[in-house]
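Participant: In order, the protein sequences belong to chains W and F. Under the working numbering, the final residue of the first sequence carries the number 474; numbering is consecutive throughout. Under the working numbering, the final residue of the second sequence carries the number 487; numbering is consecutive throughout. Positions of the beta carbon are idealized from the N, C-alpha and C atoms, including for glycine.
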Amino acid sequence: MAYEIVIGLEIHVELNTRSKMFCGCPVTFGEVPNTAVCPVCLGHPGVLPVVNAQAVEAAALIGLSLNCAIAPNNEFARKNYFYPDMPKDYQISQFDLPIAIGGYLDVGDRGQTRRIGITRVHMEEDTGKLIHKGATGRIHGADRSVVDFNRAGVPLMEIVSEPDMRTATEARAFLVKLRSILLALGVSNCNMEEGSLRCDANVSLREFGDTELGVKTEVKNMNSFKALQRALEYEVERQTSLLTHGERVIQETRHWDDAGGATTSMRSKEEAHDYRYFPDPDLVAIVMDPAEVERLRAGLPELPDARAERLGREFGLSDDDAKILALNKPLGDFLEETVAGGAAAGKAANWLLHELAAELNRTDTEIEDAAFTPRHLIDLLQLIDAGTISGKMAKEIFKTSFATGRLPAAIVKETGNVQITDTDALGKIVDEVLAANPQAIEDLKNGQERAIGFLVGQIMRLTQGKASPDAVNKLIRAKLR
Amino acid sequence: MEFSDYTAHALIEMLDRRDISAVELTKSVFDRIAEVEPDVHAYVTLTEELALAEAAAVDKRRAAGEALGPLAGLPVAVKDNMATKGVLTTCSSRILNNFIPVYNGTAVQKLYDAGIVMTGKTNLDEFAMGSSTETSYFGPTHNPWNIDTVPGGSSGGSAAAVAAGEAVMAVGSDTGGSIRQPASLCGVVGLKPTYGLVSRYGLFAFASSLDQIGPITKDVTDTALLLNVIAGHDERDSTSVPTDIPDYTKALTGDIKGLRVGVVKELMGEGIDVDIKAAVEASVRLLGGLGAEISEVSLPHSEYALSAYYLIAPAEASSNLARYDGVRFGHRTQDEVADMVEMYMKTRAEGFGDEVKRRIMLGTYALSAGYYDAYYGQAQKVRTLIARDFAAAFNQVDIIVSPTSPSVAFKMGAKVADPLQMYLSDVCTIPVNLAGLPGISVPCGLSGGLPIGLQMIGRAFDESTLLRTAHAFELAFGWHEKPNL
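Below you can see the structure in the form of structure tokens.
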């Protein structure tokens, strides 16, 4: 029996504001533990929170970019529960009056665009980080636990989707697109491995045609796009198997183990948890000035959909290529910089999406960190256009340039590895090869075109690949005419 | 008369004239403390060394002709629920019995900046929850007027210290009457300012939407002087209101002709001691004699105030007190524990007293899913109705009066076993907190040798009119009684 898959995502994004959500401590990553802290974010007795205006603005921008309505009045509430990573033993969050509600995000999955609802965007503070010593690094079986409060109080935005996604691929596409929007807004580093972008998924199955939702599980600990897709695929398969065997899905939180490729039960919850939300009496309601909201809306940067459309139009790229470049902001920026430097857009995009993307992937490098910059690509494309190097040589030179950061022209100059286009020099070699291969000439004359490939190959071998394939081809045909 | 019996404004003049040095004054106060503290137990912590050093520094600056703050050299006591950097701050609780703050609260910092000499940290009901200062982990404070009776609470230590001459002035905090009721029971003046006038930053929160810091002093002029220093917007407290702070001493003209004064009908009936009712009635006649127009006002929802308060305050407290969990500071159980949850439970079971536990449980219940609307939500609606009652009354009058406390100081232990009786001690003061208004208690007589307090309530942020009225009453009434310790 086939079931309809129902997926909703809850995404937490740490903002890259200058200071924390409710105090003046800097937002840091990887600092010495417990150095970016003060009495407020340590929850000392008597301290009070003060809302970070920059974070409110970022939250409004996120809401606007996701087509949400911005609540004219929104407020903070306390979410009460005990946990040692939370200094006050309550989290200041938003509950029934979040900053943004009721938006959507259009997601293209295999050429089809589907509209995924956004339930809400709300502001809260991040918790500290527990480090469990001994055993597996998880709390169970640990010898002891220590806590780093540098992260406590970092502005955290929670974005909740409607349960509108129907495949794991679609959920992944949603997250990719959401991330590209957040990066375009510049409000977060969105690094999934470092945890500045975290995604939980609610997964349930139901029979096609059902309007009621099935029993869901919440899947956590998916630290990459790939992990999200794999975890969802696993969870769908697990639930399908349960249902087809007449068993029930239990509402619970499940932990994705990326190495093991499976989800395991963390705790069955919801019915056990009562967070006793109530409006935080230490804070006053946030009143959003409509004129200010309109100013923010007008100032929104170019978002991925608009960029894809523009890249397609201005650079003559295919829809697919334009979309990939728009969804990956650094890649799109790289292209625009390369084109601005005089390179042909189509050729540049081709290099970016194939050679460069492959090399980044192979070496696990972020494009921003790569030694190979737009200037290097411009240089490389100029060498090809001038005929100084062949496309094949260019690939070798690119790899060296990528690895060393040296400009392609400098590499060519040093190795002397240039393409032989000189007809006289090539003519001699062509004559030698023709003389040595009468059978191939015979075949060619009889219309067997692949014989020319053999001849060109012989010549390339003798020139160690430096001969211009184009020039060699022309020479052979001229000599045999 | 000892120096410690003078008012602050008298001492400021004496210090200015160099009739007395800050060190002499401070020593005089500590002599008095040495004498009476064994009977009164107003303090959790005394900071004599620090105080004498501060006093010496003030004298040095005065000698050098340097500019001095308005309270320079005055020995002031601070309730032990306000953060004082480097000085033990316990909230009179075992759970904070080793806690030394790393920062000064805003009000405390302003007092330091004004040049005060801090005498120490005064005793309170644990976490300011109580009306008798009997729930302190460090033992009760005794009323200087009769050490077999309670000083009121929760700021009983501050009120007793001022009444006994163990400090020239003090600051307390008031969530449901915790400044005014002990001031009433100890025969001193206590002001709860408008919610939002004084920063709460550094005040260990009990009920955030009700807590306010305020002065406890020997007279109204001293209250005005102290309020001048601690009032004002603080960017660290989002609930503190940006408003211009006048010089409150300028309001003390002694003239209340034409002022409309309303007596609260509902707070002059059942449950109020006869002597107290008589004293308040006499006080109202005195105000009339000063030219005020007297009438009766009604606060029809005041009978629900206590119930609403005992949902809202514990609800907020249940969340505010969650942080005392043994993880980062304060008491942690020394017992072997199996896991984190057991550590939490044992720590809190050992660290909190019964009244605090009672209110945490009450508040947790009131906020629980399924009960929120019926309890916390409903209480907030009542709160709105009470605020509307006051707004309607203030359409007719400028100042509202009532008793501060339904009884004078009661015997120690008399109400410990009956929380409801204890809660009724604040029946007159709680509505004022719920409405966020300023309220002051001034002495207005004695009953059986124990002081009676008159409560006056003003419009929000109109402390000037309130202090003017209290001051005019004080001048006319001529209160000169002192406890005979």
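1) F:V329 touches chain W at which residues, Cβ-Cβ below 7 Å?
2) Which value, in whole angstroms, describes the spacing of the CA atoms of F:V42 and F:G455?
3) In terms of alpha-carbon separation, which member of F:V31, F:Y139, F:G122 and F:V434 lies closest to F:F129?
4) Give me, in chain order, the residues of the same chain whose beta-carbon lies closer than 6 Å to that of F:P440; leave out the 5 immediate sequence neighbours on both sides.
5) Closer than 7 Å by C-beta to F:T1: which residues in its own chain qualify, once you throw out the five before and the five after it? Chain order, please.
6) Please list, in chain order, the residues of the stretch 28 to 39 of chain W that have any C-beta partner in chain F closer than 9 Å.
7) Buried or exposed: F:G332, going by 16 or more other Cβ atoms within 10 Å of its Cβ?
8) Rounded to the nearest angstrom, what separates W:D415 and W:G179 at their Cα positions?
9) Is W:P274 close to chain F, meaning its C-beta is less than 8 Å from at least one C-beta of that chain?
10) May I ask you to report which of helix, strand or coil DSSP gives W:F395?
11) According to DSSP, is W:V114 helix, strand or coil?
12) Could you say which of W:P38, W:N343, W:D378 and W:T257 lies nearest to F:S95 if we only look at CA atoms?
13) Report the neighbours of W:L123 on chain F: residues whose CB is nearer than 7 Å to its CB, in chain order.
14) Opposite W:Y97 in the DSSP bridges: which residues?
15) Which one or two residues does DSSP pair with F:G216 in a beta bridge?
16) May I have the straight-line CA-CA distance separating F:T255 from F:R470, to the nearest angstrom?
17) Between which two residues does the alpha helix (DSSP H) holding W:M453 run?
18) The beta strand (DSSP E) that contains F:K81, what's its start and end?
19) Is W:P80 closer than 8 Å to W:L123 when the C-beta atoms are compared?
20) Closer than 8 Å by C-beta to F:S134: which residues in its own chain qualify, once you throw out the five before and the five after it? Chain order, please.
21) Using beta-carbon positions only, say whether W:H266 and W:T256 come within less than 8 Å of one another.
22) Under 7 Å: does the beta carbon of F:K220 sit that close to some heavy atom of the ligand SAM?
23) Give the straight-line distance between the Cα atoms of F:L73 and W:M150, rounded to the nearest whole angstrom.
24) With distances taken from CA atoms, which of W:I382, W:S394, W:A433 and W:D89 is nearest W:G409?
25) Between the Cα of F:N322 and the Cα atoms of W:L235, W:V40 and W:A29, which residue gives the shortest distance?
26) Using CA atoms only, rank isn't needed, just tell me which of W:A403, W:A460, W:D378 and W:Q87 is closest to W:I413.
27) How would you list, in chain order, the residues of chain W whose beta-carbon sits under 9 Å from the beta-carbon of F:E128?
28) For F:V38, which three-state DSSP category applies?
29) Under the three-state reduction of DSSP, which class applies to F:L90: helix, strand or coil?
30) Tell me the start and end of each unbroken alpha helix (DSSP H) in the stretch 40 to 84 of chain W that is at least 4 residues and wholly inside, in chain order.
31) Using C-beta distances below 8 Å, list every residue in its chain close to F:L52, excluding the 5 sequence neighbours before and after it, in chain order.
32) Check whether the stretch 217 to 227 of chain W touches the stretch 161 to 169 of chain W, taking contact to mean three or more Cβ pairs, one atom from each stretch, closer than 8 Å.
33) Would you report the Cα separation of F:F101 and W:A291, rounded to the nearest angstrom?
34) Using a threshold of 8 Å, state whether the C-beta atoms of W:L400 and W:V426 are closer than that.
35) Quick check on W:F560: buried or exposed, where buried means 16 or more other Cβ atoms within 10 Å of its Cβ?
36) W:L345 to W:K316, Cα distance in whole Å?
Facilitator: In terms of the structure at hand:
1) P77
2) 20 Å
3) F:Y139
4) P195, T196, G460, E465 and L468
5) Chain F is shown only over 3 to 487; residue 1 of chain F falls outside these bounds and no answer can be derived.
6) C31, P32, V33, L35, G36, H37, P38 and G39
7) buried
8) 52 Å
9) yes
10) helix
11) strand
12) W:P38
13) Under the 7 Å cutoff, chain F gives no residues; its nearest Cβ is about 10 Å from W:L123.
14) W:G110
15) F:G174
16) 6 Å
17) R443 to L455
18) P77 to K81
19) no
20) D127, P142, V152, P153, G154, G155, G158, F412, M414, K417, V418, M424 and S427
21) no
22) Among the components of this structure there are no ligands whatsoever, and the ligand SAM is therefore not found.
23) 47 Å
24) W:I382
25) W:V40
26) W:A460
27) Result: empty, since nearest Cβ-Cβ is about 13 Å, beyond 9 Å.
28) helix
29) coil
30) 46 to 58
31) V89 and M120
32) yes
33) 51 Å
34) no
35) Examination of residue 560 of chain W is not possible in this model, given that chain W is present from -6 through 474 alone.
36) 13 Å
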